[in-house]
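A short worksheet on the structure shown next.
Number of protein chains: 2
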Amino acid sequence: MRRTITGFSNPTVKFLRSLREKKHRKASGKFLAEGLRLLTDARTSGHLPELLVMATERDPHPLLDALEADVLATGGEVLEMGADLLAKVTGKDNPQAVAGVFAEFDTGLAQIERGTAKIWLVAQALRDPGNLGTMLRTGDAVGAGGLILLDDCADPFSVEAVRASMGAVFTQKIALARWDEFLPWLRGGQGQLVAASLRDAVDYRGAPYAAPCFLLVGNESRGLPEDYEAACDLRVTMPMKGRADSLNAAVAAAVLAYEALATLG
Amino acid sequence: MRRTITGFSNPTVKFLRSLREKKHRKASGKFLAEGLRLLTDARTSGHLPELLVMATERDPHPLLDALEADVLATGGEVLEMGADLLAKVTGKDNPQAVAGVFAEFDTGLAQIERGTAKIWLVAQALRDPGNLGTMLRTGDAVGAGGLILLDDCADPFSVEAVRASMGAVFTQKIALARWDEFLPWLRGGQGQLVAASLRDAVDYRGAPYAAPCFLLVGNESRGLPEDYEAACDLRVTMPMKGRADSLNAAVAAAVLAYEALATLG
Chain A
8 MRRTITGFSN PTVKFLRSLR EKKHRKASGK FLAEGLRLLT DARTSGHLPE LLVMATERDP
68 HPLLDALEAD VLATGGEVLE MGADLLAKVT GKDNPQAVAG VFAEFDTGLA QIERGTAKIW
128 LVAQALRDPG NLGTMLRTGD AVGAGGLILL DDCADPFSVE AVRASMGAVF TQKIALARWD
188 EFLPWLRGGQ GQLVAASLRD AVDYRGAPYA APCFLLVGNE SRGLPEDYEA ACDLRVTMPM
248 KGRADSLNAA VAAAVLAYEA LATLG
Chain B
8 MRRTITGFSN PTVKFLRSLR EKKHRKASGK FLAEGLRLLT DARTSGHLPE LLVMATERDP
68 HPLLDALEAD VLATGGEVLE MGADLLAKVT GKDNPQAVAG VFAEFDTGLA QIERGTAKIW
128 LVAQALRDPG NLGTMLRTGD AVGAGGLILL DDCADPFSVE AVRASMGAVF TQKIALARWD
188 EFLPWLRGGQ GQLVAASLRD AVDYRGAPYA APCFLLVGNE SRGLPEDYEA ACDLRVTMPM
248 KGRADSLNAA VAAAVLAYEA LATLG
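Protein chains in written order, with our numbering: chain A, 8 to 272; chain B, 8 to 272.
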């Protein structure tokens, strides 16, 4: 059974719109993902939305039919609304014809099983949700286990991060932790901590990466705190041939992750 | 001599605000760059703003004094305005205390001297200004000569692209061209065209890169047109270990560029 919503002041529309703000996501424990491709990736990864919202003016698609059937079969809800209303929900000028509300996942460190992957990405105080989502996407590409977010990072469940992740938010493990919690956890088992760094660093190319390898990049403006770098097992640096002394954080993580992948396979 | 501007309806403020839109940038041939670091990078690269705008509430800084002196010495104009007004100009919540208006550069293919660098980045129909700016930044880092933008790309002089470039917009050559213009130009001299591709591609790692090497990435959603790929000298692919079949365009360019750098030095 589909419900159709027409009014901008409808409480469900207000709830959906509220999920664009972190405080409302945290209060409800829900987040928003949009687009048929993303929702299909979620479905094939075993994640179904609790609430599926479709634009009335959408084009028919067998994958959308399958998604709708699965959502209804698992007790979820399906709504229709005008494309203009849906655009206001997702905050996107060119709205995609479908969006879903998902329950946020467990983001505790305890759910990270370090032995399940050779590479893990770690970011400290990463502020840009686009960079965060891009790191999730890169993690998926290199077969990483997930992304560990240290200290005050952007919210991985923001619409921007989910969008930039291209579905990897559903396939990569995500953990949030303070440094003071992460370091003892890491040292409580196997794991090499590698910093992208300019201080006391070796060339990233052919560096002695070892699995499980935790690749750590720092904040977009400030990089990593010096004591964080000092606590790492390995500090690696990329050649910088130009005027600048740093790369975009998501780019640095990717160049490093592909290099580690070449070693660790 | 500084002028101080207080009103939101001042014509100069209106002009500055208009530079956030592409049509006004094209009409005036000017663009906006913000932040002391970016403007200092511009200055050391030989680019001075025609108009320098400073927030009245700024902190004093010797680099800002030097910048102001150079702008005045070259016949440029210096303005002061409240931080609230400057924020409206740059469209940034947390405005930086200084912004500059620059004349757009020559973006013709003819100014690209291919022999001056071993690596050139090329993007086709790149839509995201953040990706574009990040590619400029990566180009600077790998010692590339510049970025060639094919077909309908985002505007390299948009505030977002300039910001993401972290100053590389002033150090990298930028050219805009249609494919039908680019390919004959490329074939009119030395140059290897390498596509990041999934079709008929070899592993990107250790591929036979040759200078001057033109690394081509495609549109964020559609990738490269098949006939563009077919016209390339080499098609390379990165391992994709996860569910997704592509990387973020700026990430793909960076992983490829660092690999080419390892070969070409």
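All residues carry an ideal CB built from backbone N, CA and C; glycine is no exception. In this text the structure is predicted, and so the values were computed from the model without any measurement.
Query                                                                                                                              : Result
Simplified DSSP state of residue 65 of chain B, which is helix, strand or coil                                                     : coil
Residues bridged to residue 143 of chain A (per DSSP)                                                                              : None, per the DSSP bridge assignment.
8 Å CB neighbourhood of residue 233 of chain B in its chain, flanking five on each side removed                                    : 206
Contact between the region 181–191 of chain B and the region 47–56 of chain B (3+ Cβ pairs under 8 Å)                              : no
Continuous beta strand (DSSP E) assignments of at least 3 residues falling wholly in the region 60–127 of chain A                  : 84–88 and 105–110
Interface flag, residue 23 of chain A vs chain B, CB-CB below 9 Å                                                                  : no
Cα-Cα separation, residue 124 of chain A to residue 151 of chain A                                                                 : 6 Å
Terminal residues of the alpha helix (DSSP H) in which residue 29 of chain B lies                                                  : 29–35
Near-chain B residues of the region 44–66 of chain A (beta-carbon distance less than 8 Å), N- to C-terminal order                  : 48, 51 and 52
Validate contact between the region 253–264 of chain B and the region 243–261 of chain A using beta carbons, cut 8 Å, 3 pairs      : yes
Short Cβ contact (9 Å threshold) for residue 222 of chain B with residue 129 of chain B                                            : yes
Reduced DSSP secondary structure (H/G/I, E/B, other) of residue 21 of chain B                                                      : helix
Listed by chain order, chain B residues near residue 178 of chain A by CB distance under 9 Å                                       : 249, 250 and 251
Min CB distance residue 206 of chain B to chain A below 9 Å                                                                        : no
Exposure of residue 203 of chain B, with buried meaning 16 or more beta-carbon neighbours within 10 Å                              : buried
Residue 209 of chain B - DSSP class collapsed to helix/strand/coil                                                                 : strand
Sub-9 Å separation of residue 250 of chain B and residue 178 of chain A beta-carbons                                               : yes
Whole runs of the alpha helix (DSSP H) within the region 160–192 of chain B, excluding any shorter than 4 residues                 : 166–172
Presumed contact (8 Å Cβ cut-off) between residue 227 of chain B and residue 159 of chain B, rounded CB distance                   : Not confirmed; about 13 Å, so no contact.
Nonlocal neighbours in the same chain, by C-beta distance under 6 Å from residue 65 of chain B, ignoring five residues either side : 104
The region 75–92 of chain A in contact with the region 141–148 of chain A per 3-pair CB rule at 8 Å                                : no
Where residue 10 of chain A falls, given that 16 or more other Cβ within 10 Å makes a residue buried                               : exposed
Uninterrupted alpha helix (DSSP H) stretches inside the region 187–272 of chain B (no shorter than 4 residues)                     : 233–237 and 256–271
Sub-9 Å separation of residue 60 of chain A and residue 87 of chain A beta-carbons                                                 : yes
Straight-line Cα distance separating residue 39 of chain B from residue 77 of chain B                                              : 18 Å
Residue 269 of chain B: contacting residues in chain A (beta-carbon distance under 8 Å)                                            : 212
For residue 45 of chain A, three-class secondary structure by DSSP                                                                 : helix
Local conformation of residue 134 of chain A per DSSP, three classes                                                               : coil
Closer than 9 Å to chain A by CB, residue 146 of chain B                                                                           : yes
Helix, strand or coil at residue 148 of chain A according to DSSP, with G and I counted as helix                                   : helix
Beta carbon proximity, residue 175 of chain A to chain B, threshold 9 Å                                                            : yes
Within-9 Å CB hit, residue 41 of chain A to chain B                                                                                : no
Three-way DSSP call (helix, strand, coil) for residue 51 of chain B in this model                                                  : helix
DSSP three-state assignment for residue 38 of chain B, whether helix, strand or coil                                               : strand
Rounded C-alpha distance that separates residue 15 of chain B from residue 198 of chain A                                          : 56 Å
Where the beta strand (DSSP E) containing residue 154 of chain A begins and where it ends                                          : 153–157
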